[in-house]
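**Q**
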Amino acid sequence: MKSIKKRNLSPCTVTIPGSKSISHRMLICSSMASGVSIVKNILNSDDIQLTISALARMGAVITKKGNTATSAIKSLVEGDCVEVKGFGGHPTSCIEHSDACSSHSDSSNEYAENYSNDSRFPLGKNKADVGDDNEIYLGNSGTSMRLIAGIAGLGKEAFVLTGDERMQQRPMGDLLDALQMAGVSAESRRGDGTPPVIIRGGDAEGGDIILDCSQSSQYLSAMLMMGAALPKGLNIMLPGKAVSAPYVDLTIDIMKQFGVHAERISETSYKVSGNQKYEAGYYVVEPDLSNASYFWAAGAVSGSMVTVTDINRDSLQGDKRLLDIFQQMGCLIKSTPQGIGVCGPSSDSSSAISSKERRLSCVEVDMSDIPDVVPTLAVVASFASGTTKVVNIAHLREKECDRISAVVSQLRKMGVDASEGDDWLSVTGCNNHNGAIIETFNDHRIAMAFSIAGLRVQGIEIENEGCVAKSFPNYWDKFDSLGEKGGN
Numbered sequence: 001m002k003s004i005k006k007r008n009l010s011p012c013t014v015t016i017p018g019s020k021s022i023s024h025r026m027l028i029c030s031s032m033a034s035g036v037s038i039v040k041n042i043l044n045s046d047d048i049q050l051t052i053s054a055l056a057r058m059g060a061v062i063t064k065k066g067n068t069a070t071s072a073i074k075s076l077v078e079g080d081c082v083e084v085k086g087f088g089g090h091p092t093s094c095i096e097h098s099d100a101c102s103s104h105s106d107s108s109n110e111y112a113e114n115y116s117n118d119s120r121f122p123l124g125k126n127k128a129d130v131g132d133d134n135e136i137y138l139g140n141s142g143t144s145m146r147l148i149a150g151i152a153g154l155g156k157e158a159f160v161l162t163g164d165e166r167m168q169q170r171p172m173g174d175l176l177d178a179l180q181m182a183g184v185s186a187e188s189r190r191g192d193g194t195p196p197v198i199i200r201g202g203d204a205e206g207g208d209i210i211l212d213c214s215q216s217s218q219y220l221s222a223m224l225m226m227g228a229a230l231p232k233g234l235n236i237m238l239p240g241k242a243v244s245a246p247y248v249d250l251t252i253d254i255m256k257q258f259g260v261h262a263e264r265i266s267e268t269s270y271k272v273s274g275n276q277k278y279e280a281g282y283y284v285v286e287p288d289l290s291n292a293s294y295f296w297a298a299g300a301v302s303g304s305m306v307t308v309t310d311i312n313r314d315s316l317q318g319d320k321r322l323l324d325i326f327q328q329m330g331c332l333i334k335s336t337p338q339g340i341g342v343c344g345p346s347s348d349s350s351s352a353i354s355s356k357e358r359r360l361s362c363v364e365v366d367m368s369d370i371p372d373v374v375p376t377l378a379v380v381a382s383f384a385s386g387t388t389k390v391v392n393i394a395h396l397r398e399k400e401c402d403r404i405s406a407v408v409s410q411l412r413k414m415g416v417d418a419s420e421g422d423d424w425l426s427v428t429g430c431n432n433h434n435g436a437i438i439e440t441f442n443d444h445r446i447a448m449a450f451s452i453a454g455l456r457v458q459g460i461e462i463e464n465e466g467c468v469a470k471s472f473p474n475y476w477d478k479f480d481s482l483g484e485k486g487g488n
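With full-length UniProt numbering, letter number 436 in the sequence shown gets 436, and the count goes up by one each step, no holes.
1) Tell me the DSSP secondary structure of Val379 in three-state form.
2) Which runs of the alpha helix (DSSP H) at least 4 residues long sit entirely within the stretch 303-365? Give them in chain order.
3) Find the nearest neighbour of Ile437 within the set Glu420, Leu455 and Lys413, judged by alpha-carbon distance.
4) Please name the residue or residues paired with Cys12 in a DSSP beta bridge.
5) Buried or exposed: Arg190, going by 16 or more other Cβ atoms within 10 Å of its Cβ?
6) Give me whichever residues DSSP pairs with Gly421 in a beta bridge.
7) With a threshold of 7 Å on Cβ separation, who are the neighbours of Ala178 within its own chain once the five nearest residues in sequence on each side are excluded?
8) In angstroms with no decimal places, state the Cα-to-Cα distance between Ala149 and Ser10.
9) Leaving out the 5 sequence neighbours to the left and right, which residues in its chain are closer than 6 Å to Thr268 when beta-carbon positions are compared?
10) When we look at the beta-carbon of Asn442 and count the other beta-carbons within 10 Å, is it buried (16 or more) or exposed?
11) With three or more beta-carbon pairs closer than 8 Å as the criterion, would you say the stretch 46-62 touches the stretch 288-297?
12) Find the nearest neighbour of Leu482 within the set Val14, Gly415 and Ser185, judged by alpha-carbon distance.
13) Just verifying my parser: in three-state terms, what is the DSSP assignment at Lys2?
14) Just the Cα atoms here: how many angstroms apart are Ile393 and Cys401?
15) At 3 residues or longer, what runs of the beta strand (DSSP E) sit wholly inside the stretch 235-299?
16) From the DSSP output, read off the bridge partner residues of Leu161.
17) Tell me the DSSP bridge mates of Ala186?
18) List the whole-angstrom C-beta distance separating Leu147 from Ala182, where the pair is believed to meet the contact cut-off of C-beta under 8 Å.
19) Along the beta strand (DSSP E) that carries Ala394, what are the first and last residues, could you check?
20) Determine the DSSP secondary structure at Gly18, reduced to helix, strand or coil.
21) In terms of residue numbering, what span does the beta strand (DSSP E) encompassing Leu151 cover?
22) According to DSSP, simplified to helix, strand and coil, what is Glu461?
23) Flag this pair as yes or no: are the beta carbons of Lys232 and Gly202 separated by less than 8 Å?
24) Using the three-state DSSP reduction, which class does Gly483 fall into: helix, strand or coil?
25) Under a three-way DSSP split, which group does Gly206 fall into?
26) Is it a yes or a no for the stretch 416-431 touching the stretch 249-256, going by three-plus beta-carbon pairs under 8 Å?
27) So who's on the other strand from Lys40, going by DSSP bridges?
28) Is it right to say Gly421 is buried, meaning 16 or more other beta carbons lie within 10 angstroms of its own, or is it exposed?
29) Measuring alpha carbon to alpha carbon, tell me which of Leu27, Asn41, Ser34 and Lys40 ends up nearest Ser53.
30) For Lys470, which of helix, strand or coil comes out of DSSP?
31) Under the DSSP definition of a beta bridge, which residues are partnered with Ala436?
32) Considering only their Cβ atoms, is the gap separating Ala33 from Ala280 smaller than 8 Å?
33) Determine whether the beta carbon atoms of Pro371 and Leu411 lie at a separation below 8 Å.
34) If you scan the stretch 206-230 from start to end, which runs of the beta strand (DSSP E) of 3 or more residues do you find wholly inside it?
35) Near Gln168, which residues of its chain fall below 6 Å by C-beta distance, leaving aside the five closest residues on each side in sequence?
36) Take the Cβ of Glu263 as the centre, count every other Cβ of all protein chains shown within 10 Å, and call the residue buried at 16 or more, exposed below.
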């Protein structure tokens, strides 16, 4: 249990680790290349370790720069470089390349075993979930599951992708259908479109496919990264606009950095030419804007400027749009060579914002493209004047938990008027929050978002606080270091 200390912040700066989304994609693209790539500022988190483990089991040799293969699995620290010796677009199980894989299989299995025994992950995996050398355990990492599923479709033999109890409830039937259209054998073991899934590429050639991305844009990212290695490439038609579309733009940009061309023809049409080769090289992961959101939110609710350093102002990460929303709510956004800061209204006369209105304003926003920061905004909105409504977020119900219900239920615990519908939530701000024990539902984003409320509300405690390791293992160190007025 993590007790949050209510406190007033002085202006401060914070440095955050590399982007989870970019780390996943750069590791996969590096593994798809022939030769050795260097990836700098890789995120050290549970989800990234699962992707590293999976790629190692598919033939990539991934090492912490200057060290052994095992160190990449066990000893990454913030800002580390990794070397990735790729498998050249042809993943093979450890059975097929036992010599190259021998140093990785033990560390991969050891990591999965440690993951299941960690008290932070009560659901864990079953012993039966990790069996043959071509069976890959991906925990509750939706990004790993979907992106690795595409790469597995390039293999000659079958890969079995499985995960923990929650992962085995998360749908991916639309991705399996698309893989089949591309010529890949792809099926759910239970026949319900959820993991475990069995994928065998064989002689897949690609061509024209239809892909429903109303639940996740990661389906499209997976098919684009895979399609570049297919003989015919892929022409991908969507029946409607993809949710979280900025993540697809991010995928296309990272592919371009690796010398592979994919293009967005329209909101519902994408194309990637076939027989392309990913190029090994030197790549840098920029800071994670989803994780920056919590510190910007701290500035928004505290009335003091909180600056996140080294932010790429031209970043394609969609969560950058949260800054525009905070500005609309009445926050001051300050961009300097050092970074980007956020300061909300405050009753303190020394606040950077001087106006008669000392409360944040409510907003109505469509956040279909930036679902990861919905919990952050909802917590901030609970301190605003009026009712904030967030719409077009049905896909939030299929995340690490049902995030719509989770956010609403925990806000209500604090005495906040919050409501939900199938694809929306609303929050009416107030000044008299209650202290509460926040249930995280083993969801890192719920834990981090609600920690922000504790800066203003006495008695906020976060249960299962270790779940933040999924994306931001040292979050609590960073959070606790935020300066108190009159303190450090």
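Yeah, the Cβ is synthetic: ideal placement off N, Cα and C, and Gly gets one too.
Owing to the predicted nature of the structure, the values given are computational and were not obtained by experimental measurement.
**A** Looking at the coordinates:
1) Helix at Val379.
2) The DSSP assignment places complete alpha helix (DSSP H) segments of no fewer than 4 residues inside the stretch 303-365 at 322-328, in order along the chain.
3) Looking at the Cα atoms, Lys413 is the closest of the given residues.
4) Its beta-bridge partners are Val306.
5) So Arg190 counts as exposed.
6) Residue pairing by DSSP places Gly421 opposite Trp424 in a beta bridge.
7) Taken in chain order, the residues that qualify are Ile209, Leu211, Tyr219 and Met223.
8) In this structure, the straight-line span from the alpha carbon of Ala149 to that of Ser10 is close to 46 Å.
9) Closer than 6 Å at Cβ, skipping near neighbours: Leu238.
10) A buried status is given to Asn442, since no fewer than 16 other beta-carbon atoms sit within 10 Å of its beta-carbon.
11) They do not touch, by the three-pair rule.
12) Comparing Cα-Cα distances from Leu482 to each of Val14, Gly415 and Ser185, the minimum goes to Val14.
13) Secondary structure at Lys2: strand, using DSSP grouped into helix, strand and coil.
14) Ile393 and Cys401 have their C-alpha atoms roughly 13 Å apart.
15) Unbroken beta strand (DSSP E) runs of no fewer than 3 residues, entirely contained in the stretch 235-299, are found at 262-266, 269-272 and 282-284, following chain order.
16) Beta-bridge annotation (DSSP): Leu161 is paired with Ile136 and Val197.
17) DSSP output for Ala186 lists Ile199 as bridge partner(s).
18) Ala182 and Leu147 do not touch by the CB rule: their CB atoms are close to 15 Å apart, not below 8 Å.
19) Neither: Ala394 is in no beta strand (DSSP E) and is coded neither H nor E.
20) Strand at Gly18.
21) Looking at the sequence provided, one finds Ile at residue 151 rather than Leu. Taken as a continuous stretch (DSSP letters only), Ile151 belongs to no beta strand (DSSP E), being part of the alpha helix (DSSP H) at Gly142 to Ala152.
22) Note: Glu461 maps to strand in three-state DSSP.
23) No. Outside cutoff.
24) Three-state result, Gly483: coil.
25) DSSP places Gly206 in coil when its eight states are reduced to three.
26) No, the stretch 416-431 does not touch the stretch 249-256.
27) Its beta-bridge partners are Val284.
28) Counting every other CB atom within 10 Å of its CB across the protein chains shown gives Gly421 a total below 16, marking it as exposed.
29) Nearest of Leu27, Asn41, Ser34 and Lys40 to Ser53, Cα basis: Leu27.
30) Helix, per DSSP.
31) Paired residues: Ile460.
32) Closer than 8 Å, so yes.
33) Taking 8 Å as the Cβ cut-off, Pro371 and Leu411 do not qualify as a contacting pair.
34) Entirely contained in the stretch 206-230, the beta strand (DSSP E) runs reaching 3 residues are, in chain order, 207-210.
35) Cβ neighbours of Gln168 within its own chain (closer than 6 Å, five residues either side excluded): Thr194 and Pro195.
36) When all chains shown are included, Glu263 counts as exposed.
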